[in-house]
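2 protein chains.
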Amino acid sequence: MLPRAVLFDAYGTLFDVYSVGLLAEQLYPGHGERLAQLWRDKQIEYTRLVSMSGRYRPFWELTRAGLRFAARRLGLELPLEAEDRLMNQYRHLSAFPENRAVLAELRARDVRAGILSNGDPEMLAVAVKSAGLTELLDPVLSVHATRRYKTDPAAYALGPAALGLDPRQILFVSSNGWDAIGATWYGYTTLWVNRGNLPLEELEVTPTRIGSSLRDVLDFFPT
Amino acid sequence: MLPRAVLFDAYGTLFDVYSVGLLAEQLYPGHGERLAQLWRDKQIEYTRLVSMSGRYRPFWELTRAGLRFAARRLGLELPLEAEDRLMNQYRHLSAFPENRAVLAELRARDVRAGILSNGDPEMLAVAVKSAGLTELLDPVLSVHATRRYKTDPAAYALGPAALGLDPRQILFVSSNGWDAIGATWYGYTTLWVNRGNLPLEELEVTPTRIGSSLRDVLDFFPT
């Protein structure tokens with residue numbers, strides 16, 4: 001069965017979460033990459049801890065918390081001005097260069113394309129708008145409504161509910177291996193855009209397909 | 224209110240999960256520490272992913288899966304013999320040197336002391352026995368019964384149920400910051416044995432006390 005619509009993960013998939021590394025490197029020469037990596041890891045870890053414990057807090061707050069932890073872990077001073085600059089950069093992440101063409105082509109092929117993200121609604125609205133993709137993405141779904149982060153099934157359930165489709169009829173696209181796996185477990189047709197050329201998680205589950213760029217989405221929707 | 228009993232986390236708290244690093248370094252000179260670290264991180268990540276997704280698998284399996292991923296991620300060949308040697312080492316982790324004296328002193332003070340661990344029952348039985356601590360630890364509780372890993376409240380709930388005490392009357396001890404925090408959220412009195420001198424997680428919650436060795440447990444139970 002071919003899918004009939006697409007839902008994209010946002011952070012890491014449409015938006016380059018490591019693009020903050022440039023500013024981080026300016027602020028902390030020699031430590032930018034490590035800071036960006038640890039920040040990202042901690043942000044994700046925090047989504048899992050609060051979700052498992054039933055202690056939801058919005059993604060923006062956890063992103064800030066992750067940054068603070070990462071800086072302390074690396075022994076870097078983080079004055080409020082630096083924190084605000086990095087957080088502001090996170091609000092306006094670079095979009096991957098192929099996004100626009102792929103989204104436009106999906107539109108041309110009459111395929112509905114939206115977002116299903118851990119980001120809270122305001123973050124997502126700003127990110128989509130500042131990337132100039134507002135007209136090409138609908139719906140923009142945030143897990144905020146469920147107070148559960150991916151990979152909780154309650155979070156993935158937002159997609160089928162909003163689109164009125166069976167999960168198998170929806171292509172869920174993520175560059176985060178764990179997210180592609182969670183979505184596969186949930187029942188979506190899935191594409192893992194393995195930008196980092198990482199090994200597959202050893203969890204005895206494989207995404208429907210594995211690709212290397214957002215362009216691989218188009219193979220699911222032949223003209 | 225002073226606590227009346229103690230529950231210890233096992234892996235990282237009573238047993239040194241990085242003691243496998245020595246064998247890893249023998250097998251992969253120059254990569255042992257990195258392999259041990261990534262193995263541990265992945266093992267924990269997998270507990271969260273399967274728990275959040277309602278796809279429980281026993282800790283032993285996830286430990287093996289984490290090892291396989293870590294080796295692949297680092298580009299290290301992992302023939303079955305090396306895998307079995309590392310896994311066997313994990314079954315017989317070194318106990319921290321102060322454990323026995325602390326547990327014996329708790330016994331002398333008439334304080335019941337047990338384990339509440341992500342490990343599955345067989346792993347725990349072997350670890351406790353090979354460390355020679357069988358007589359000093361009761362009960363040995365595994366989250367296996369709940370099919371939810373810590374920090375899921377269902378996992379922490381095993382302690383009060385087994386001991387017939389309110390969570391606040393139980394001192395939960397962990398060297399894993401996230402575990403100390405999860406237990407604090409749940410309602411335990413908590414001690415984070417911060418062996419690695421790490422920053423506190425930035426989650427707006429603080430364990431009851433923070434210490435540096437298992438000996439700090441004894442301060443909760445004055446003679």
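Residue numbers (this note's numbering), protein chains in the order written: chain A, 1 to 223; chain B, 224 to 446.
By construction, the Cβ of each residue, glycine as well, lies at the ideal position given by its N, Cα and C atoms.
Counted as a single uninterrupted DSSP element, the stretch harbouring L198 (chain A) is not any alpha helix (DSSP H), since DSSP gives it neither H nor E. From the beta-carbon of M275 (chain B), the residues of chain A found nearer than 7 Å are R48, S51, M52, T151, D152. At a cut-off of 4 residues, the continuous stretches assigned as alpha helix (DSSP H) that sit fully inside the stretch 297-331 of chain B are 303-314, 322-331. Contact between A36 (chain A) and G21 (chain A) is confirmed by a C-beta separation of about 4 Å, below the 8 Å threshold. Assignment of L394 (chain B) by DSSP, reduced to helix, strand and coil, places it in the strand class. Under the three-pair Cβ rule at 8 Å, the stretch 269-278 of chain B does not count as touching the stretch 246-260 of chain B.
For L303 (chain B), not one C-beta of chain A is nearer than 8 Å to its own C-beta. In this structure T223 (chain A) is exposed. Its beta-carbon is surrounded by fewer than 16 other beta-carbon atoms within 10 angstroms. Relative to V325 (chain B), the option among B:S340, B:A336, B:G419, B:M346 whose CA is nearest is B:A336.
The residue among B:R278, B:F395, B:T407 with its C-alpha nearest the C-alpha of I181 (chain A) is B:R278.
For the C-beta of P199 (chain A), the chain B residues within less than 7 Å are, from N- to C-terminus, F292, R295, R296. With a threshold of 8 Å between beta carbons, R332 (chain B) makes no contact with chain A. Assignment of G277 (chain B) by DSSP, reduced to helix, strand and coil, places it in the coil class.
Residue state for Y11 (chain A) is assigned as strand, using DSSP reduced to three classes.
Each of A:G196, A:G211, A:A65, A:L158 was checked against the Cα of Y188 (chain A), and the nearest Cα belongs to A:L158. Where S436 (chain B) is concerned, there is no enclosing alpha helix (DSSP H), because DSSP gives it neither an H nor an E.
Taking C-beta atoms as the reference points, G235 (chain B) and N420 (chain B) fail to come closer than 8 Å.
Comparing C-alpha distances from D343 (chain B) to each of B:E328, B:R257, B:G387, B:L364 shows the shortest one belongs to B:L364. For the C-beta of E77 (chain A), not a single chain B residue is nearer than 8 Å; the gap to the nearest is close to 13 Å. Residue pairing by DSSP puts A228 (chain B) in a beta bridge opposite B:R335, B:I393.
The beta carbons of W262 (chain B) and G289 (chain B) sit closer together than 8 Å. A distance of 8 Å or more separates the beta carbons of Y90 (chain A) and N118 (chain A).
For L191 (chain A), the secondary structure class from DSSP, reduced to helix, strand or coil, is strand.
As DSSP reads the structure, V205 (chain A) sits in no beta bridge.
Interface flag for E98 (chain A) against chain B is unset, since no Cβ pair is found closer than 8 Å. At a cut-off of 8 Å, the C-beta of R55 (chain A) has a neighbouring C-beta in chain B. Between the C-alpha atoms of P160 (chain A) and P3 (chain A) there is a straight-line separation of about 12 Å.
Residue contact with chain B for W178 (chain A): present (Cβ-Cβ distance below 8 Å to some residue of chain B). With a threshold of 8 Å between beta carbons, L426 (chain B) makes contact with chain A. With 16 or more other Cβ atoms inside 10 Å of its own Cβ, D375 (chain B) counts as buried. Counting C-beta atoms within 10 angstroms of its own C-beta, P390 (chain B) has 16 or more neighbours from the protein chains shown and is therefore classed as buried. At a cut-off of 8 Å between C-beta atoms, W60 (chain A) does not count as an interface residue with respect to chain B. Here R64 (chain A) has E83, M87 as same chain residues with Cβ atoms under 8 Å from its own Cβ, once five neighbours each way along the sequence are excluded. Between S317 (chain B) and D239 (chain B), the CB-CB gap stays under 8 Å.
Setting aside the 5 residues that flank it on each side, P139 (chain A) is surrounded in the same chain by G114, I115, A162, L163, each with a C-beta closer than 8 Å to its C-beta; the list follows chain order.
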